[in-house]
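Asks: Residue numbers (our numbering): 5 to 427. C-beta: ideal position from N, C-alpha, C; glycine also. If you're wondering where the values come from, they're calculated on a predicted model, not measured in any experiment.
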RNA sequence: GGAGAGAUGACCGAGUUGGCCGAUGGUGCUCGCCUGCUAAGCGAGUGUGGGGAUAAUACUCCACCGAGGGUUCGAAUCCCUCUCUCUCCGCCA
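Below, the structure written as structure tokens:
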């Protein structure tokens, strides 16, 4: 969420920046109109309330001295004033609600370093790591490998739950678990993240702070008759750990990692990625979350990206890093790097991690503050997060990159302590 | 699910016969003083949001004592609803 005053005072900048993301400007014109109305009414009602407070004190004085006659006309005046206040307060509440709706639907402003563009085809490649593996045979996609090995079962998963679910067994299930443990150990022991195991169901205020609600309810699974949603990413519960809190500056940056399942309705992607593990309603992810000072958030974004990249480097799998263009940027982010892993079975790069800086966009919604040393006023922290990594997609990347001609799959060296068997 | 207790500022904790209570006090923190060092001590300051004013402070106004309603000229204090926490009983992984 952007600050109301900031929008008011920088309306042209906000229009320009949100237009780059493909947002229409008429909402912002509407904002300015409603905001002006609100300020006008606010002025009147606050004046009335000031009068009421003053008069109440006078009444108190009269009453204490037993002078009820002097108090009576004042009480009458206040009865009338209260009716007017009630009307104005109602108007104000209605206006505020409309303004909230608008402000909640305004995306974060993209950073100046973000390239302009429409969609993912305009993303800019900023880094390549490793090489595409050389195969003496035609590499298969993981769904063929997994089905032939009998470790991925999409038909039975469909029987249990429907489309976009998977059943992993034997080697695949163990590999998934090994990858999760490997990632968590790396991030906690080498990169200094604290491990978190959060709730997988969260309420409306939690979903609102990180930006999933109110705008993207369709992407979420909601528990019927409860105010609970299945988390689409651990970013949601972990960022909300410090909602409505003030953190000591010495504690920053705070770095958390969490391994959780993620649940997404994938509304609007019906024809896409229907085969294999790429796009599932449920998948596992190791998430990295940071709380930082405003001064250091962009440095911390670079380090967050490195922490995520390290996973693929240790697995020795080729990947590239892209900077998302303005049109492809997520709602709450000011800048995002995607790590795209090479999938030889599909002859394509696919997103395996998304690392973003949100500035104070989430912190304002969630009232997450810190107290700068030597200053009276607390300030909003900056929040960041990134996948480190999406485990399901890492699993399929291992399968496709480490496949052998006979259809078996080798185990990356770094996973051997976690997984002592080969197929 | 049943019975009871509670929810106050970064934290702890007063205040519930309604009236200068945005809220005593303590801790923490900031600044200053003092001090061989450390510790202690002394003084001042220290919530959030939204308006006004300002070059910016200072200043000023409104709101906020779990959330939402209500009573009243006036509510942290009274009434109603909800949420959460704790204790006991029941049930259960």
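1) Can you tell me the Cα-Cα spacing of residue 359 and residue 257, whole angstroms?
2) Please classify residue 248 as buried or exposed, where buried requires at least 16 other C-beta atoms within 10 Å of its C-beta.
3) Can you tell me where the alpha helix (DSSP H) holding residue 146 begins and where it ends?
4) Which value, in whole angstroms, describes the spacing of the CA atoms of residue 74 and residue 66?
5) Could you name the residues that DSSP lists as bridge partners for residue 386?
6) How do the region 401 to 420 and the region 138 to 151 stand: do at least 3 beta-carbon pairs fall below 8 Å, yes or no?
7) Could you pull out every residue in the same chain whose Cβ sits closer than 6 Å to the Cβ of residue 106, ignoring the five residues on either side in sequence?
8) From the DSSP output, in three-state form, read off residue 118 for me.
9) I'd like the list of long-range same chain contacts for residue 312, defined as Cβ closer than 7 Å, with 5 residues on each side in sequence excluded.
10) Determine the extent of the alpha helix (DSSP H) in which residue 369 is found, giving its start and end residues.
11) Spell out a yes or no on whether the region 326 to 334 and the region 114 to 121 are touching, meaning 3 or more CB-CB pairs, one atom from each, closer than 8 Å.
12) Quick check on residue 419: does DSSP put it in helix, strand or coil?
13) Does the beta-carbon of residue 218 have 16 or more other beta-carbons within 10 angstroms, so that it is buried, or is it exposed?
14) Where do the N-terminal and C-terminal ends of the alpha helix (DSSP H) with residue 179 fall, by residue?
15) With a Cβ-Cβ cutoff of 8 Å, do residue 396 and residue 287 count as a contact?
16) Do residue 158 and residue 176 count as a contact pair if the criterion is CB distance below 8 Å?
17) Which residues bound the alpha helix (DSSP H) around residue 64?
18) By Cβ distance, which residues of its chain are closer than 7 Å to residue 308, with the 5 residues on each side in sequence left out?
19) Could you compute how far the alpha carbon of residue 264 sits from the alpha carbon of residue 200?
20) When the Cα atoms are used, what is the spatial distance from residue 379 to residue 253?
21) Can you tell me which of the three DSSP states residue 511 falls into?
22) Going straight from the alpha carbon of residue 24 to that of residue 14, what length do you get?
23) Terminal residues of the continuous alpha helix (DSSP H) containing residue 89?
24) Compare the C-alpha of residue 5 against each of 237, 212, 16 and 141 and name the closest.
25) Which partner residues does residue 358 have in the DSSP bridge list?
26) Buried or exposed for residue 155, please, with buried defined as at least 16 other CB atoms from any protein chain shown within 10 angstroms of its CB.
27) With a threshold of 7 Å on Cβ separation, who are the neighbours of residue 368 within its own chain once the five nearest residues in sequence on each side are excluded?
28) So residue 336 and residue 215 are in contact, right, with Cβ under 8 Å, and what is the actual spacing, rounded?
29) Hey, out of 298, 47, 113 and 398, whose CA is closest to residue 19's CA?
30) Within its chain, find whatever has a CB closer than 7 Å to the CB of residue 196; leave out the 5 residues flanking it on each side and keep chain order.
31) What's the C-alpha gap between residue 180 and residue 414?
32) So, using beta-carbon positions, are residue 85 and residue 46 closer together than 8 Å?
Replies: According to the structure shown:
1) Working through the first chain from its first residue, we reach residue 359 at position 355. Working through the first chain from its first residue, we reach residue 257 at position 253. Answer to the nearest angstrom: the Cα atoms are 16 Å apart.
2) As a first step, residue 248 must be located in the first chain, where it is residue number 244. The residue in question, residue 248, is exposed, as its Cβ has fewer than 16 Cβ neighbours within 10 Å.
3) Against the first chain, residue 146 aligns to sequence position 142. Taken as a continuous stretch (DSSP letters only), the alpha helix (DSSP H) holding residue 146 covers 146 to 153.
4) Looking up residue 74 in the first chain gives position 70. Looking up residue 66 in the first chain gives position 62. Whole-angstrom Cα-Cα distance: 7 Å.
5) The residue labelled residue 386 in the question sits at position 382 within the first chain. BP columns for residue 386 point to 296.
6) yes
7) Start at 1 with the first residue of the first chain, and residue 106 comes out as number 102. The answer, listed in chain order, is 31 and 35.
8) Along the first chain, one-based indexing puts residue 118 at 114. It is coil, neither helix nor strand.
9) If you number the first chain from 1, residue 312 lands on position 308. So the qualifying residues of the chain are 292, 343, 357, 359, 390, 391, 392 and 393.
10) In the first chain, counting from the first residue as 1, residue 369 sits at position 365. It spans 365 to 370 - the alpha helix (DSSP H) in which residue 369 sits, taken as one unbroken run.
11) yes
12) As a working mapping, residue 419 is identified with position 415 in the first chain. Note: residue 419 maps to helix in three-state DSSP.
13) The residue given as residue 218 occupies position 214 in the first chain. Burial call: exposed.
14) The residue labelled residue 179 in the question sits at position 175 within the first chain. Note, residue 179: alpha helix (DSSP H), 174 to 189.
15) To locate residue 396, count along the first chain from 1; it is residue 392. To locate residue 287, count along the first chain from 1; it is residue 283. The answer is yes: Cβ separation under 8 Å.
16) The count along the first chain starts at 1 and reaches residue 176 at position 172. The count along the first chain starts at 1 and reaches residue 158 at position 154. Cβ distance not < 8 Å, so residue 176 and residue 158 don't count as in contact.
17) Locating residue 64 in the first chain gives position 60, where the first residue counts as 1. Note, residue 64: alpha helix (DSSP H), 30 to 68.
18) As a first step, residue 308 must be located in the first chain, where it is residue number 304. Excluding sequence neighbours, residue 308 sits near 292, 294, 359, 388 and 390.
19) Locating residue 264 in the first chain gives position 260, counting from the first residue. Locating residue 200 in the first chain gives position 196, counting from the first residue. So the two alpha carbons sit approximately 9 Å from each other.
20) Taking the first residue of the first chain as 1, we reach residue 379 at position 375. Taking the first residue of the first chain as 1, we reach residue 253 at position 249. The straight-line gap from Cα to Cα measures roughly 11 Å.
21) No information on residue 511 is available, as it lies outside the stretch 5 to 427 that the chain covers here.
22) What you label residue 24 is simply residue 20 of the first chain in a count that begins at 1. What you label residue 14 is simply residue 10 of the first chain in a count that begins at 1. Those two C-alpha atoms are separated by around 16 Å.
23) Taking the first chain and counting its residues from 1, the one referred to as residue 89 is at position 85. First-last of the alpha helix (DSSP H) with residue 89: 72 to 108.
24) Residue mapping note: residue 5 aligns to position 1 of the first chain, counting from 1. Looking at the Cα atoms, 212 is the closest of the given residues.
25) Position 354 of the first chain holds residue 358. Paired residue(s): 342.
26) Position 151 of the first chain holds residue 155. Residue 155 comes out buried.
27) Stepping through the first chain from its first residue, residue 368 is reached at position 364. Result list for residue 368: 5, 7 and 384, in chain order.
28) The residue you call residue 336 lines up with position 332 of the first chain. The residue you call residue 215 lines up with position 211 of the first chain. That belief holds up - the Cβ atoms of residue 336 and residue 215 are roughly 4 Å apart, short of 8 Å.
29) Along the first chain, read from residue 1 onward, the residue named residue 19 stands at position 15. Considering only alpha carbons, the answer is 113.
30) Locating residue 196 in the first chain gives position 192, counting from the first residue. 259.
31) If you number the first chain from 1, residue 180 lands on position 176. If you number the first chain from 1, residue 414 lands on position 410. For residue 180 and residue 414, the distance between alpha carbons rounds to 14 Å.
32) Taking the first residue of the first chain as position 1, residue 85 is located at position 81. Taking the first residue of the first chain as position 1, residue 46 is located at position 42. No, these two residues do not count as a Cβ contact at 8 Å.
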